Amino acid sequence: MKILVIGSGGREHALIWKLKKDNDVEVFCAPGNAGIGQIATNIDIKVEDIDKLIDFAKNEKIDLTIVGPEVPLAMGIVDEFEKMGLRIFGTNKSASELEKSKDFSKAFMVRNNIPTARYESYTDSKKAIASLEHFNYPVVIKADGLCYGKGVVICHDREMAVETIKDILEGNSFGSEGSKIVIEEFLDGIEVSLICLVSKGKIYPLETAEDYKQIYDGDKGPNTGGVGCYSPSSLLNKDLYKKVEDEILENIEFGFKKDEIDFTGILFIGLMVVKDMPYVLEFNTRFGDPETQVLMKRLDSNLLDLFNKTLDNTITRADIKWDSKPSMTVILTSGGYPGSYVNGYEIKGLDKVGQDITVFHNGTKEEADKMLTNGGRVLSITTTGKDMNSIRDKIYSEIEKIDFKDMYYRKDIGENIEY
Ligand SMILES: Nc1ncnc2c1ncn2[C@@H]1O[C@H](COP(=O)(O)OP(=O)(O)O)[C@@H](O)[C@H]1O
Ligand SMILES: [Mg+2]
Numbered sequence: 547m548k549i550l551v552i553g554s555g556g557r558e559h560a561l562i563w564k565l566k567k568d569n570d571v572e573v574f575c576a577p578g579n580a581g582i583g584q585i586a587t588n589i590d591i592k593v594e595d596i597d598k599l600i601d602f603a604k605n606e607k608i609d610l611t612i613v614g615p616e617v618p619l620a621m622g623i624v625d626e627f628e629k630m631g632l633r634i635f636g637t638n639k640s641a642s643e644l645e646k647s648k649d650f651s652k653a654f655m656v657r658n659n660i661p662t663a664r665y666e667s668y669t670d671s672k673k674a675i676a677s678l679e680h681f682n683y684p685v686v687i688k689a690d691g692l693c694y695g696k697g698v699v700i701c702h703d704r705e706m707a708v709e710t711i712k713d714i715l716e717g718n719s720f721g722s723e724g725s726k727i728v729i730e731e732f733l734d735g736i737e738v739s740l741i742c743l744v745s746k747g748k749i750y751p752l753e754t755a756e757d758y759k760q761i762y763d764g765d766k767g768p769n770t771g772g773v774g775c776y777s778p779s780s781l782l783n784k785d786l787y788k789k790v791e792d793e794i795l796e797n798i799e800f801g802f803k804k805d806e807i808d809f810t811g812i813l814f815i816g817l818m819v820v821k822d823m824p825y826v827l828e829f830n831t832r833f834g835d836p837e838t839q840v841l842m843k844r845l846d847s848n849l850l851d852l853f854n855k856t857l858d859n860t861i862t863r864a865d866i867k868w869d870s871k872p873s874m875t876v877i878l879t880s881g882g883y884p885g886s887y888v889n890g891y892e893i894k895g896l897d898k899v900g901q902d903i904t905v906f907h908n909g910t911k912e913e914a915d916k917m918l919t920n921g922g923r924v925l926s927i928t929t930t931g932k933d934m935n936s937i938r939d940k941i942y943s944e945i946e947k948i949d950f951k952d953m954y955y956r957k958d959i960g961e962n963i964e965y
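Rendered as structure tokens:
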């Protein structure tokens, strides 16, 4: 069987690692990275180049294509593949709108009684500035479209809010992705990621995870794509999970039906838990990075079976089985990230890392037999263990063996976690 995975990050590396672990499959990845290249065949096609991806899938007789990132999903890659009779796992163009437009997804939430932060949306900067009257500080200002995790600004005072509104709506700092903004009430709580398989609008949740977004220890500094993660969440106890099921998952399923959203693929629910009440911060219509790295380490079921059953609408909750042991990942980043950084530094010591650690590659390339950095996020150092303390000890002592110029990572991932 031949599989094509689209994307090039730690998420795709983890998916492919899991697919290959449980199945005798040949995997191609477009465009992939150096780590992925060690277990699959990298194909030099960009994730946005849908025509070329279709040609490749046809010529290679690919049995199943799996889409990692949001951009091709929002462009309608699933609709295009299906038109050609090609089997593909991901959300179609209209379902992907739940990630592509924050205004669309907030309206969906409000319409369907899904708890979320109060919001207003604007295309006109004067009206947006006038509306700041309706909000306290800090206030959250979001570009409507896809901004690779850079489109959200938490504004501490009116001056910063006005400047942010002008930057996005007048200065076009996010181009057309910022032609509209969402202004949102700030929720002070703890974030939990809940990634779900969705088959014809029915939700099948995977395990929970908690992602570390800020670059510095103690959740200081600017937001990143995520620099550490562990699973399961230590926060979502039985009572809270029941609230998520009853007030969020059920209402989403109901909303899909009522609004005639034909949803099959991945729904990633970004939750904020405030004083024992879960709110939805946002929806993504794909796996998260680094959540996928920790989830794939814990998933006992065969991922390929889950994808096939989701597509064939035969999946049940009992199909999704987990290792009860927690897992964690720490991301090694290029110095300067999430600001500017330099690529192309040689990564040393990977051959010395212990067998019980899985190193997923986020941004690497190979040149003249050397492994080089090639992104802000470089490597996800991942493992499972009996408790968080032993996992932390293991990961942080193995990281000592790895080195590249200006390598940086948080030292407090998984600290003070009690189950
Ligand atoms: N209403 C809010 N209150 C507090 N923090 C928020 C709020 N909305 C977003 N954030 C913070 O900003 C991050 C990014 O926002 P999100 O809506 O997930 O957009 P994206 O992932 O597309 O950048 C969130 O993970 C969270 O840390
Ligand atoms: Mg987010």
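Our numbering puts the first residue of the sequence shown at 547, with every later residue one more than the last.
Just so it is clear, CB atoms sit at the ideal spot from N, CA and C, and this is done for glycine as well.
Please read all numbers here as calculations on a predicted model, not as lab measurements.
Exercise for the section: Taking Tyr776 as part of the beta strand (DSSP E), name the residues at either end of that continuous run. Expected result: Counting from 1 along the sequence shown, the entry for residue 776 is found at position 230. First-last of the beta strand (DSSP E) with Tyr776: Lys766 to Ser777.
> Name the DSSP beta bridge partners of Asn588, please?
Replying inline: For this step, residue 588 is matched to residue 42 along the sequence shown. According to DSSP, Asn588 bridges with Cys575.
*With respect to the beta strand (DSSP E) encompassing Glu731, which residues constitute its N-terminal and C-terminal limits?*
Indexing the sequence shown from 1 puts residue 731 at position 185. It spans Ile727 to Glu731 - the beta strand (DSSP E) in which Glu731 sits, taken as one unbroken run.
Residues passing the C-beta test against ligand 2 heavy atoms, cut-off 7 Å: Gly695, Gly816, Leu827, Glu828 and Asn830
For the pair the segment 620-634 and the segment 592-608, tell me if three or more CB-CB distances fall below 8 Å. yes
### Task
Tell me whether Val698 counts as near ligand 1, meaning its Cβ is closer than 7 Å to at least one heavy atom of that ligand.
Numbered from 1 along the sequence shown, position 152 holds the residue referred to as residue 698. Yes - ligand 1 has a heavy atom lying nearer than 7 Å to the Cβ of Val698.
- Of the choices Val613, Lys804 and Leu599, whose alpha-carbon is the least far from that of Lys607? By 1-based counting over the sequence shown, the position of residue 607 is 61. Comparing Cα positions, the closest option is Leu599.
| said: Which same chain residues end up closer than 7 Å to Asp625 when comparing Cβ atoms and leaving out the 5 residues on each side of it in sequence? | reply: Numbered from 1 along the sequence shown, position 79 holds the residue referred to as residue 625. Within the same chain, Asp625 has close Cβ partners Asn638 and Lys639.
Check your understanding: Is Phe732 near ligand 1, judged by its Cβ being under 7 Å from some heavy atom?
Key -> Taking the sequence shown and counting its residues from 1, one reaches residue 732 at position 186. Yes.
Review point. Over what stretch of residues does the beta strand (DSSP E) that includes Met823 continue unbroken?
Key: The residue labelled residue 823 in the question sits at position 277 within the sequence shown. Per DSSP, Met823 belongs to the beta strand (DSSP E) from Met823 to Asn830.
* Which residues share a DSSP beta bridge with Cys701? -> Against the sequence shown, residue 701 aligns to sequence position 155. Partner(s): Val685.
With respect to 7 Å, is the separation between the Cβ of Glu737 and the closest non-hydrogen atom of ligand 1 below this value?
Taking the sequence shown and counting its residues from 1, one reaches residue 737 at position 191. Indeed, a heavy atom of ligand 1 lies less than 7 Å from the Cβ.
Any heavy atom of ligand 1 within a distance shorter than 7 Å of the CB on Ala620? Position 74 of the sequence shown, counting from 1, holds the residue named residue 620. Ala620 Cβ: outside cutoff for every heavy atom of ligand 1.
- Task: Let me know if His907 comes out buried or exposed under the rule of 16 or more other beta-carbons within 10 Å of its beta-carbon.
- Result: Counting from 1 along the sequence shown, the entry for residue 907 is found at position 361. Classification of His907: buried, given that the 10 Å Cβ count is 16 or more.
Should the segment 922-936 be called in touch with the segment 857-876, which here means at least 3 C-beta pairs below 8 Å?
yes
| task | Please specify which runs of the alpha helix (DSSP H), each continuous and at least 4 residues long, are wholly inside the segment 889-959, giving them in chain order. | result | With a minimum length of 4 residues, the continuous alpha helix (DSSP H) runs that stay inside the segment 889-959 are 934-945.
Check your understanding: What residue from Ser677, Glu723 and Ile749 has the CA that sits closest to Asn797's CA?
Key -> The residue you call residue 797 lines up with position 251 of the sequence shown. Selected option, being the one with the closest Cα: Ile749.
Using alpha carbons as the reference points, say which of Trp563, Gly695 and Leu550 lies closest to Leu632.
-> Taking the first residue of the sequence shown as position 1, residue 632 is located at position 86. Out of Trp563, Gly695 and Leu550, Leu550 has the C-alpha closest to the C-alpha of Leu632.
Q. So is the beta-carbon of Met818 under 7 Å away from any non-hydrogen atom of ligand 1?
A. By 1-based counting over the sequence shown, the position of residue 818 is 272. At least one heavy atom of ligand 1 is nearer than 7 Å to the Cβ of Met818, so yes.
Check: With burial defined as no fewer than 16 other Cβ atoms inside 10 Å of the residue's Cβ, what is the status of Lys646: buried or exposed?
Finding: Along the sequence shown, read from residue 1 onward, the residue named residue 646 stands at position 100. Lys646 is buried by the Cβ-count criterion.
Checklist line | N- and C-terminal bounds of the beta strand (DSSP E) containing Val790 | finding: What you label residue 790 is simply residue 244 of the sequence shown in a count that begins at 1. Segment: none, Val790 is in no beta strand (DSSP E) and carries neither H nor E.
May I ask you to report which of helix, strand or coil DSSP gives Ile861? Against the sequence shown, residue 861 aligns to sequence position 315. Correct three-state label for Ile861: coil.
Taking only three categories from DSSP, how would you classify Met655?
Locating residue 655 in the sequence shown gives position 109, where the first residue counts as 1. Correct three-state label for Met655: helix.
By the DSSP assignment, the alpha helix (DSSP H) with Gly834 in it spans what residues?
Here residue 834 corresponds to residue number 288 of the sequence shown, with the count starting at 1. No alpha helix (DSSP H) contains Gly834, which DSSP labels as neither H nor E.
Can you find at least 3 beta carbon pairs, one from the segment 828-837 and one from the segment 773-785, that sit closer than 8 Å?
yes
- Residues that DSSP places opposite Thr669 in a beta bridge: Against the sequence shown, residue 669 aligns to sequence position 123. The partner list for Thr669 (beta bridge, DSSP) is empty, contrary to what the question assumes.
* Contact between the segment 700-707 and the segment 655-673 (3+ Cβ pairs under 8 Å) -> no
ask   = Shortest alpha-carbon distance to Leu644 belongs to which of Lys688, Leu813, Ile675 and Lys803?
value = Residue mapping note: residue 644 aligns to position 98 of the sequence shown, counting from 1. Looking at the Cα atoms, Leu813 is the closest of the given residues.
task = Evaluate Pro615 with the Cβ neighbour count: other Cβ atoms within 10 Å of its Cβ, from every protein chain shown; 16 or more gives buried, anything less gives exposed.
result = The residue you call residue 615 lines up with position 69 of the sequence shown. Buried, since its Cβ has 16 or more Cβ neighbours within 10 Å.
- Query: Run through DSSP, which three-state label would Ser886 get?
  - Reply: Taking the first residue of the sequence shown as 1, we reach residue 886 at position 340. Reduced to three states, the DSSP call for Ser886 is coil.
- Query: Going by the beta-carbon positions, is the gap between Ser677 and Ile729 smaller than 8 Å?
  - Reply: Here residue 677 refers to the residue found at position 131 when the sequence shown is read from its first residue. Here residue 729 refers to the residue found at position 183 when the sequence shown is read from its first residue. Going by C-beta atoms, Ser677 is nearer than 8 Å to Ile729.
With C-beta atoms as the reference, is Ile761 less than 8 Å away from Pro577? Position 215 of the sequence shown holds residue 761. Position 31 of the sequence shown holds residue 577. No, Cβ-Cβ distance for Ile761 and Pro577 is not below 8 Å.
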